[in-house]
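Colleague: The structure under discussion is supplied below as structure tokens; questions concerning it will follow.
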Amino acid sequence: MLHNSYLPTSVDKLTLKHRITGKDIEYHLIELESLLCFNYVYVVERQPIGKLLFEQFCSTDARKSVAWKFLCKIEEYETSDDDGESRRSLAKLIASLLSSDNDAPCSSHDSLWCSFLPDELIQKFTSTANDASHESEPSSDIFFEAYK
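Heads up, the sequence shown is in the working numbering, so the first residue is 1 and it goes up one at a time.
Following this line, the structure appears as structure tokens:
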């Protein structure tokens with residue numbers, strides 16, 4: 001919080017029409033914060049530098065690195081050409097990232113990369129990926145609902 005001692009005085013070149021209090025500044029910061037958008041979609045998916053910085057952040061920890069790989073494979077699956085074989089292999093990889101057979105098994109009861117996800121979401125992703133890995137022409141938007 002900004003204290004009144006930090007505000008310009010009459011000696012300063014800046015003049016204020018009215019005296020600013022800490023509450024005024026706090027109010028304007030809250031107002032400004034409500035106008036700014038700091039969600040994942042805006043920062044990581046829509047801002048090229050945000051995506052790069054998030055990738056660098058994830059590379060600092062093994063669990064976060066697997067989570068980043070998972071997000072990249074979901075994105076790759078959704079944006080891949082309509083090649084059924086490519087999508088099937090990506091779906092298998094996505095399922096393996098969530099399986100307990102993986103080097104980084106995923107269960108919300110474990111303290112591993114996706115422990116923050118609810119079990120039902122993990123099961124939904126795994127089921128969706130397993131189904132897609134067996135379809136002849138998997139759809140590109142199968143992860144959309146679970147990804148939200």
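No residue lacks a Cβ here, since even glycine has one placed at the ideal position from N, Cα and C.
Nothing here was measured: the structure is a model prediction, and the numbers come from that model.
Thinking just about the alpha-carbon of each residue, which of Arg46, Leu93, Asp83, Leu121 is nearest to the one in phenylalanine 144?
Modeller: The residue given as residue 144 occupies position 144 in the sequence shown. Minimum Cα distance to phenylalanine 144 is reached at Leu121.
Colleague: Looking at isoleucine 94 and lysine 73, is the spacing between their C-beta atoms short of 8 Å?
Modeller: The residue given as residue 73 occupies position 73 in the sequence shown. The residue given as residue 94 occupies position 94 in the sequence shown. Yes, they are a contact pair.
Colleague: Identify, in the order they occur along the chain, each residue of the same chain with its Cβ nearer than 8 Å to the Cβ of phenylalanine 54, setting aside the five sequence neighbours on each side.
Modeller: Counted from its first residue, the sequence shown places residue 54 at position 54. Cβ neighbours of phenylalanine 54 beyond the five flanking positions: Val43, Val44, Trp68.
Colleague: Threonine 60 and leucine 98: beta carbons closer than 8 Å?
Modeller: Indexing the sequence shown from 1 puts residue 60 at position 60. Indexing the sequence shown from 1 puts residue 98 at position 98. No.
Colleague: At the level of alpha carbons, what is the spacing between leucine 35 and threonine 128?
Modeller: As a working note, residue 35 is residue 35 in the sequence shown. As a working note, residue 128 is residue 128 in the sequence shown. Their Cα atoms are separated by approximately 36 Å.
Colleague: So what's cysteine 114 in DSSP terms, helix, strand or just coil?
Modeller: Position 114 of the sequence shown, counted from the first residue, corresponds to residue 114. Coil.
Colleague: Distance, Cα to Cα, alanine 132 vs aspartate 83?
Modeller: On the sequence shown, residue 132 is found 132 positions in, with the first residue counted as 1. On the sequence shown, residue 83 is found 83 positions in, with the first residue counted as 1. About 12 Å.
Colleague: Comparing alpha-carbon positions, which option in Asp119, Lys124, Leu117, Leu90 lies nearest glutamate 137?
Modeller: As a first step, residue 137 is located in the sequence shown; it is residue number 137 there, counting from the start. If we check each option's Cα against that of glutamate 137, Leu90 comes out closest.
Colleague: Quick check: is any heavy atom of the ligand COA less than 7 Å from the C-beta of serine 99?
Modeller: This structure lacks the ligand COA, and indeed carries no ligand of any kind.
Colleague: Nearest-angstrom Cα distance between histidine 134 and threonine 79?
Modeller: Within the sequence shown, the letter at position 134 stands for residue 134. Within the sequence shown, the letter at position 79 stands for residue 79. So the alpha carbons of these two residues sit roughly 19 Å apart.
Colleague: Keeping to the same chain, check which residues put their C-beta closer than 7 Å to that of histidine 109; ignore five residues upstream and five downstream.
Modeller: What you label residue 109 is simply residue 109 of the sequence shown in a count that begins at 1. With a pLDDT of only 45 at histidine 109, under the threshold of 50, the placement of this residue in the model should not be trusted, and no figure is reported.
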